Ligand SMILES: [Fe+2]
Ligand SMILES: [Zn+2]
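In the numbering used here, the protein residues as written are 5 to 379.
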């Protein structure tokens, strides 16, 4: 049964629920092939061109559909099931990437483990992995034979987010200090986020075990540590609002010089970024490229104190340590998860990790498509 109101139509759905649909929306949503390309699922017209006071000339309800004739004679029909789905979409908000869950313990990572072959062949494994990535900011994909990093990148995002380093970079850890980045030494690497000198650093990062000897790593260290900066920043906000305030308002300088590329990158930003409501939107911190040189004299001590307090909150309770096996890929949110490396106790070890970036748009787009395919 249907009831016609001035601005909308009410219709009972198979569920027994009565749902309301505006006339203008119904006209806008016409499913006929005069109104839209049914293959591309794209409209031929602009919603702005529909008179907002449009109403139906006649409405006919059958068991299967609602049929409407419009004042200009155009006919539209809407399957009842289709209307019920639209109603569901309006009332139930699907999980979106921004629904982040701070870590309460490193155990969250244990639930976020998947096999690399499963990710490739199993749609529901891929969707679950991406949901966990958006929620907890990290997913651990354990290496399985015959799955390389390019194949995994294709499956997760279609294409990577290029950076200064190209499509990806290989971190070959060598036992000497003659390198253009301390990332390549066997020294410990402090907890950081990547590319802080971009105005918008990459959303997600991956690290992949390209050439790792699991036994040697176990014996000599070199584990990678991942810590939830979001949990730490929220704790700082609760425990020390003044320090939190300093880190959300005092810009620091991030700078990287790459003479071979004839480039100097530089960006001024606060370490903790918030939106106008105070919500934490991102963390930007790489100690090896950070300078406090432009910080006013009277802000300098509060900044050092607040920064030290914050980094102190990235403790074991919010940290996951990964011992690498060949083919492992860890994907993590570069706006919230800090990463760093323990020292190798043997300076002779050689290990290569491949790294690169993904934009959230591509990961979310892939997740949406695959989730629809299996629903
Ligand atoms: Fe890094
Ligand atoms: Zn139409």
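Every residue gets a Cβ at the ideal spot worked out from N, C-alpha and C, and that includes glycine. The structure displayed is predicted, hence computed values, not measured ones.
One thing to note: residue 134 has its Cβ no nearer than 7 Å to the Cβ of residue 333.
Scanning the region 133 to 172 for uninterrupted beta strand (DSSP E) segments of 3 residues or longer gives 142 to 146, listed from N- to C-terminal end.
Taking residue 118 as reference, the option from 56, 293, 71 and 331 with the minimal CA-CA separation is 331. Counting along the chain, residue 336 sits inside the beta strand (DSSP E) bounded by residues 333 to 337. Residue 71 and residue 81 have their C-alpha atoms roughly 4 Å apart. Here residue 175 is bridged, per DSSP, to 357. A contact is defined here as three or more CB-CB pairs under 8 Å, and the region 339 to 346 meets this definition with respect to the region 228 to 243. Residue 43 is classed as exposed because its beta carbon has fewer than 16 other beta carbons within 10 Å across all chains shown. Annotated as distal: residue 28 and residue 6, with beta-carbon spacing of 7 Å or more.
Residues whose Cβ lies closer than 6 Å to any heavy atom of ligand 2, listed in chain order: 34, 36, 38, 39, 78 and 80. In the three-state reduction of the DSSP assignment, residue 316 falls in the helix class. In the three-state reduction of the DSSP assignment, residue 216 falls in the coil class, being assigned neither a helical nor a strand state. Between the region 122 to 132 and the region 294 to 312 there are fewer than three inter-stretch CB-CB distances shorter than 8 Å, so the stretches are not counted as touching.
In terms of side-chain proximity, the C-beta atom of residue 320 is found no nearer than 6 Å to any non-hydrogen atom of ligand 1.
Between residue 364 and residue 163, the beta carbon gap of about 14 Å keeps them out of contact (Cβ cut-off 8 Å). Rounded to the nearest angstrom, the gap between the Cα atoms of residue 335 and residue 105 is 16 Å. The three-state secondary structure of residue 89, taken from DSSP, is helix. Take the alpha-carbon of residue 140 and the one of residue 58: they are about 46 Å apart.
Residue 49 sits in coil when the DSSP states are folded into three classes, being neither helix nor strand.
The closest CA to that of residue 313, considering only 280, 249, 265 and 293, is found on 249. Here residue 8 really is in contact with residue 63; their C-beta atoms are around 6 Å apart, less than 8 Å. In this structure, residue 198 has its CB closer than 6 Å to one or more heavy atoms of ligand 1. In this structure, 214 is the residue among 89, 214, 110 and 278 with its C-alpha nearest to the C-alpha of residue 148. Here residue 294 is bridged, per DSSP, to 258.
Three or more Cβ pairs drawn from the region 82 to 92 and the region 30 to 42 lie within less than 8 Å of each other, which places the two stretches in contact.
The C-beta distance from residue 275 to residue 290 rounds to 10 Å, too long to meet the 8 Å contact threshold. Non-local beta-carbon contacts of residue 238 in its own chain, meaning distances under 8 Å to residues more than five positions away in sequence, involve 106 and 284 in chain order.
For residue 9, DSSP assigns no beta-bridge partner whatsoever. In the same chain as residue 318, and ignoring 5 residues on each side of it, the C-beta atoms closer than 7 Å to its own belong to 195, 231, 233, 236 and 342, in chain order.
For residue 367, the enclosing alpha helix (DSSP H) stretches over residues 364 to 378. Contact between residue 357 and residue 175 holds: CB atoms are separated by about 5 Å, below the 8 Å threshold.
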